[in-house]
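Below is one structure, written out as structure tokens; the observations come after it.
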């Protein structure tokens, strides 16, 4: 029970229905500008950090181990190459690369055919009077032609 004697669950104080942000709306863009946040820029910056991390793992792989020392020169620990950690970095790089690719290229649906199949020919049926005879049809081949520039 609430302090006023009602048995109604209080609101959580979160966002109300009126403050719902819709993707790519003017209000959403204004909110991102207000927060000084550019998602595309942040992804590019993260990708650059991952490239540096990948280079570090590649160098560690070539050197087999690195000894980490403190300011006094005492050995703290020995770092060794981890294929699992390196693979995780590469997977993150691939995901961010795929996400960033949307901005440069149109996304191709994976469940649609490859587009290599030729469309069926366009067929137009012509009809006339019975005195003219049987039905006639015109077939127009609209399949793409392969142009070979090597031939003269």
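Numbering (the working numbering), first residue to last: -14 to 137. Glycine is no exception: its CB is placed at the ideal position from the N, C-alpha and C atoms.
Measuring only the C-alpha atoms, how far is residue i from residue j?
i, j, result
"residue 20", "residue 32", "21 angstroms"
"residue 11", "residue 103", "43 angstroms"
"residue 86", "residue 27", "15 angstroms"
"residue 14", "residue 78", "26 angstroms"
"residue 22", "residue 88", "17 angstroms"
"residue 47", "residue 72", "16 angstroms"
"residue 24", "residue -7", "39 angstroms"
"residue 83", "residue 76", "11 angstroms"
"residue 107", "residue 30", "51 angstroms"
Check whether the Cβ atoms of residue i and residue j sit closer than 8 angstroms, and answer yes or no.
i, j, result
"residue 81", "residue 35", "yes"
"residue 53", "residue 45", "no"
"residue 61", "residue 55", "yes"
"residue 74", "residue 38", "yes"
"residue 42", "residue 66", "yes"
Over the uninterrupted alpha helix (DSSP H) stretch that includes residue i, give me the two end residues.
i, result
"residue 60", "Counting along the chain, residue 60 falls outside any alpha helix (DSSP H), though it belongs to the beta strand (DSSP E) covering 60 to 65."
"residue 84", "68 to 89"
"residue 10", "Premise fails: residue 10 is in no alpha helix (DSSP H) and is neither H nor E."
"residue 39", "24 to 48"
Look up residue i in the DSSP assignment and say whether it is helix, strand or coil.
i, result
"residue 109", "strand"
"residue 53", "strand"
"residue 103", "coil"
"residue 17", "helix"
Closer than 8 angstroms, CB to CB, is residue i near chain C or not?
i, result
"residue 15", "In the structure shown, chain C cannot be found, because there is only a single protein chain."
Using 7 angstroms as the cut-off, classify the Cβ of residue i as near or not near the heavy atoms of the ligand HEM, replying yes or no.
i, result
"residue 70", "Judged by which ligands are present, the structure shown has none, so any question about the ligand HEM falls away."
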